[in-house]
Each structure stands twice: as structure tokens, then as C-alpha cells.
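Novice:
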Amino acid sequence: MSPISIGSGIRRRILLIGSVLVIGAACTAGATGLPQIIHARQNHFRMLGRIAKSLRDQVGRSHPNWRIVANDANRIERLASALPSWFPAGSGKGHGVKTRARAAIWANPQAFTLAARTLLDRARYLGQAADGHDLRALRLRTRGLGQACDSCHRRFRARGSWW
Amino acid sequence: MTAKGAATERVRVWDLPTRLSHWTIVVLFGVCWWTAETDHMEWHLMAGYGVLGAVLFRLAWGFCGGQTARFGSFVRGPSATFRYVRKLFGRGADDSPAPLGHNPLGAMSILVMLGLLLLQTLFGLFSVSVDGVFSGPLAKWVSFETGRRFTHLHAANFDLLLLVIAVHLSAIGFYRFGRKESLVPAMIHGFKSRTPSREVPYFVPWWRAAFLAAGILLCVALLVNVRW
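Chains as they are written, first to last, in the working numbering: chain A, 884 to 1046; chain B, 5 to 232.
1) Would you report the Cα separation of D135/B and W65/B, rounded to the nearest angstrom?
2) For chain A, find out if any of its Cβ atoms is closer than 9 Å to the Cβ of M45/B; answer yes or no.
3) Work out the CA separation of W38/B and S159/B for me, nearest whole Å.
4) Of all the CB atoms in chain B, is at least one closer than 9 Å to the CB of H1016/A?
5) Going by the CB atoms, is the gap between F154/B and V146/B shorter than 9 Å?
6) Taking only the alpha-carbon atoms, compute the straight-line gap between H44/B and Q1030/A and give it to the nearest angstrom.
7) According to the Cβ coordinates, are G69/B and V204/B closer than 9 Å?
8) Suppose you measure from the CA of L966/A to the CA of H922/A; what does that come to, to the nearest Å?
9) In chain A, which residues lie with their C-beta within 7 Å of the C-beta of K144/B?
10) Any chance the stretch 1020–1029 of chain A sits against the stretch 991–1000 of chain A, with 3 or more Cβ pairs inside 8 Å?
11) Going along chain A, which residues have a C-beta under 7 Å from L231/B?
12) Between the beta-carbon of V17/B and the beta-carbon of G177/B, is there less than 9 Å?
13) Could one say the Cβ of V132/B lies closer than 9 Å to chain A's Cβ atoms, at least one of them?
14) How would you write the range of the alpha helix (DSSP H) that R1022/A sits in, first residue to last?
15) Less than 9 Å between the beta carbons of A963/A and R1005/A, yes or no?
16) How about R985/A and R944/A: do their beta carbons lie closer than 9 Å?
17) So is V237/B in contact with chain A if we call contact Cβ pairs under 9 Å?
18) Please list, in chain order, all residues of the same chain as F239/B whose beta carbon is under 6 Å from its beta carbon, the five residues on each side excluded.
19) If you draw a straight line from the alpha carbon of F215/B to that of L221/B, how long is it in whole angstroms?
20) For the stretch 991–1006 of chain A, enumerate the residues whose C-beta is nearer than 9 Å to any C-beta of chain B, in chain order.
21) Label P108/B either buried or exposed according to how many other C-beta atoms from any shown protein chain fall within 10 Å of its C-beta, with 16 as the threshold for buried.
22) Does the structure place the stretch 48–64 of chain B close enough to the stretch 114–126 of chain B that three or more beta carbon pairs sit under 8 Å?
23) Identify the contact partners of F207/B in chain A, using a Cβ-Cβ distance below 7 Å as the criterion.
24) Quick one: Cα of S937/A to Cα of G81/B, how far?
25) Under the three-state reduction of DSSP, which class applies to K981/A: helix, strand or coil?
26) CB-CB under 8 Å to L63/B, same chain, minus the five flanking residues each way: which ones, in chain order?
27) Compare the Cα-Cα distances from V168/B to each of R90/B, H156/B, R152/B and L115/B and report the closest residue.
28) Please determine, among V15/B, M50/B and G140/B, the residue with the shortest C-alpha to C-alpha distance to L32/B.
29) Report the start-end ranges of each alpha helix (DSSP H) in the stretch 51–101 of chain B that is 4 residues or longer and not cut off at the edges.
30) Tell me the DSSP secondary structure of L227/B in three-state form.
What follows is the structure, encoded as C-alpha cells:
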């Protein structure tokens, strides 16, 4: 075998391996898209919980820091408005990432959108109470926010096994 | 008459505060379980405060209540418990009369259950719900992440409690079907039948329980509404 034909054989193999790697990487990228979306969603919810706790801590004070309250209310409103986009079609169970998102989210999108809308409304009420420095209203609105969260969890979030 | 034909007498064993605290814990534990499972966290917190109050009351009543409620009258050491177990299965030579109130095994069960319930409510006080809104009254002293860790401890301890409750219910079943002794009715009406004996437990005036309950109610209310 001539040195030229050996060189072209190696080139063909490198090309073949390269093609396999590129195709494999493309397929893998497609497969990891949804797990990444689920991870990102969980991070968003963690962020939402962290901010809501910060707000609740202020509500529990005799003299809340209204600047923190307004900031938290604003951030909750922004996250609440983006919430429906965290649930693209197909981002439920079965992608190798533990998720408690129920299939009902995609089976009944109108109900889910309405629940998200309720959360957004409650978040806006929070902002109004914060702007008015009305502690009594703020406590009431924070409770309303929690009730909106609970109501959504009851319908669209699966329970963890108690055993 | 007993199964062996001996005459029996009806004697008061459990006072009202002991029975009330027992059944309050039973009902509120069920409410806590259901509200946690169905995401009614606001109600879960309320029921949890009730459990905390009832457990604190029972613990305090164990030091200042009637004879059968007092820890000093029914908590026994390992050797006494071992003797009781041997006697229970017909292997011991112990001829002492059966305890009127809690037996040594029941005493262990009560200590473990009250301890776990107290731990459960303490974890709950610092727990943070997944949405961060309905959190324990002391959760303001911890970060979101630490509060969530307390919530996980709260959940793990709940599983332990279920295990202990299962053992407790199995023991009640064993006494009912294995030894023909019904423990549940006695915890409802407060009386037990026994062979005549000179031992009669003493009880304390009702106002002591009322003052204690009022004090604990005040403490729990202050704890829940603590502001700074």
C-alpha cells in the first residue's frame, strides 16, 4: 500500500469519527434541552421562594423595611409574569430529572394559565400595598399570595411520597 | 367478672386533662398530616400550633397532674421494663400487680412519642414552605435554605413518628386481642376494671389544668405573633 493511500484511509477514518461525534453531540444537545429547562425552572421557583420568604420576614416585623418590601414585590411580580414560559410543552416527567410538575399543566393549559394569572394579580396587589406603606394590607396580600401558591400546588404539583 | 371469674371493681385511671390532651394530639396530628398532603399550609400551621400546645401541656401535666399522668409514677428503668416484658409473655416470676396507669413499655412509647412530637413542632417552627410564604414563626431567624433543611427534617421526623404510632397501635391491638384488655375505652371515659385493691390513684383539682392550659395558650400565642 502506498503512503498516499494510507494517508487517505486515516483521513477517511478521522472524517467518519468526526461526523459521528458531531451527529452525537447534536443529538445529545437535543436530549439535554428539556432537562436544562426543568433545572432552570426549579431554580426560578427556588428564587421565587427565597424572595417570598424575604418578603414574609418583613411582614413579620413591627416596622418593615419598605424599600426591601417594594423590591421583593417587584421581583415577585416579574417572576410571576414569566412563570408560564417556564413550562414549555413536553417539559414534564421522563427526562431523567426529578420534577413534580403534573401532566395536568399541559393537559389543561387554560386552568394553568388562569392559576398563573391569579399569582400575577396577587403579586401586583402586593406592590400596591408596598407603595402605600400599608402594613395591614401587606399582611393580607402576602397571605393571598401564599394561598395562590397553595392552590396552584394542589392542582399542578405532585406530592412527594410520604414513606 | 373477669375471664377467670374473679370479682372486679371499676376505678378511675385517667383524668380529663390527660384524656383531652391525648385526643387533641390524635386529632390535630391527623389534621397536620392531611393539610400537609393537600397543600393547605395556612391550616397546617394552625394545627401545628395546636399540637405544640397539647404536647407542652402533656409534658407539664406529667409533673403536676394526677398520679397516673405523672412521669414519676410510670416511667421505669430498663430492669423493671425487662421484668415486665418477661411477665407479659408468661416467663417471669414477678408477682407484682399490673400497673393501673401506663405499664413500663407504654411509658417508653409515651416518652418517645412526646419527644418526637416536640421535635416535630420545633422543626416546624423553623421550617420554610416551598413557596417561602407560609413558614414557621421562627423561620425569620434562618435563611431560606436553612429553613428548607428544617422542612426536610420535619418530613423525616414525621416518618419516624408514623413508625412509632404504628408500634403504639400494634401494642393496643396486642393487648386487645392477645390479653383481652381494652386500652382505648379507658382513654375515652377514664375508667378501668381491675381486681379489688387498696391502691387508688390520686387526682389534682381541675383549676390546676385550667391555669396550665391558659399559660401554655398564652406562650404559644406570643411565640406565633413574635415581632421584632
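Here a beta-carbon is modelled for each residue, glycine too, at the ideal position from N, C-alpha and C.
Specialist: Judging by the given coordinates:
1) Taking the Cα positions, D135/B is about 37 Å away from W65/B.
2) Interface residue, yes.
3) Here residue 159/B turns out to be Ala, not Ser, going by the sequence shown. Here the C-alpha atom of A159/B lies approximately 13 Å from the C-alpha atom of W38/B.
4) Chain B, which has no Cβ nearer than 9 Å to the Cβ of H1016/A, makes this no.
5) F154/B is positioned such that its CB atom lies closer than 9 Å to that of V146/B.
6) Using only the alpha carbons, I get a separation of about 8 Å.
7) In this structure, V204/B does not lie closer than 9 Å to G69/B by Cβ.
8) Rounded to the nearest angstrom, the two C-alpha atoms are 14 Å apart.
9) Those are D940 and G943, listed as they occur along chain A.
10) Because the criterion of three Cβ pairs below 8 Å is not met, the stretch 1020–1029 of chain A and the stretch 991–1000 of chain A do not touch.
11) The sequence given here has Arg at residue 231/B, not Leu. G943, R944 and S945, listed in chain order.
12) Between V17/B and G177/B, the C-beta gap is not smaller than 9 Å, which leaves the two residues out of contact.
13) At least one C-beta of chain A is nearer than 9 Å to the C-beta of V132/B.
14) Note, R1022/A: alpha helix (DSSP H), L1018 to F1039.
15) R1005/A is positioned such that its CB atom lies closer than 9 Å to that of A963/A.
16) No; because the gap between Cβ atoms is not below 9 Å, this pair is not in contact.
17) Past the edges of chain B, shown from 5 to 232, lies residue 237/B, and the structure says nothing about it.
18) Residue 239/B is absent from the model: chain B starts at 5 and stops at 232.
19) Rounded to whole angstroms, the gap between the alpha carbons of F215/B and L221/B is 10 Å.
20) Within the stretch 991–1006 of chain A, no residue qualifies.
21) Result: buried.
22) Under the three-pair Cβ rule at 8 Å, the stretch 114–126 of chain B counts as touching the stretch 48–64 of chain B.
23) Neighbours of F207/B on chain A: none; closest Cβ ~39 Å, over 7 Å.
24) Cα to Cα, the separation comes out at about 48 Å.
25) Reduced to three states, the DSSP call for K981/A is coil.
26) Listed in chain order, the non-local C-beta contacts of L63/B below 8 Å within the same chain comprise L118 and L122, local neighbours out to five positions each way being set aside.
27) When R90/B, H156/B, R152/B and L115/B are compared, the shortest CA-CA separation from V168/B is found for L115/B.
28) Minimum Cα distance to L32/B is reached at M50/B.
29) Those alpha helix (DSSP H) runs which fall completely within the stretch 51–101 of chain B and span 4+ residues are 75–78 and 82–92.
30) Residue state, collapsed to three classes: helix.
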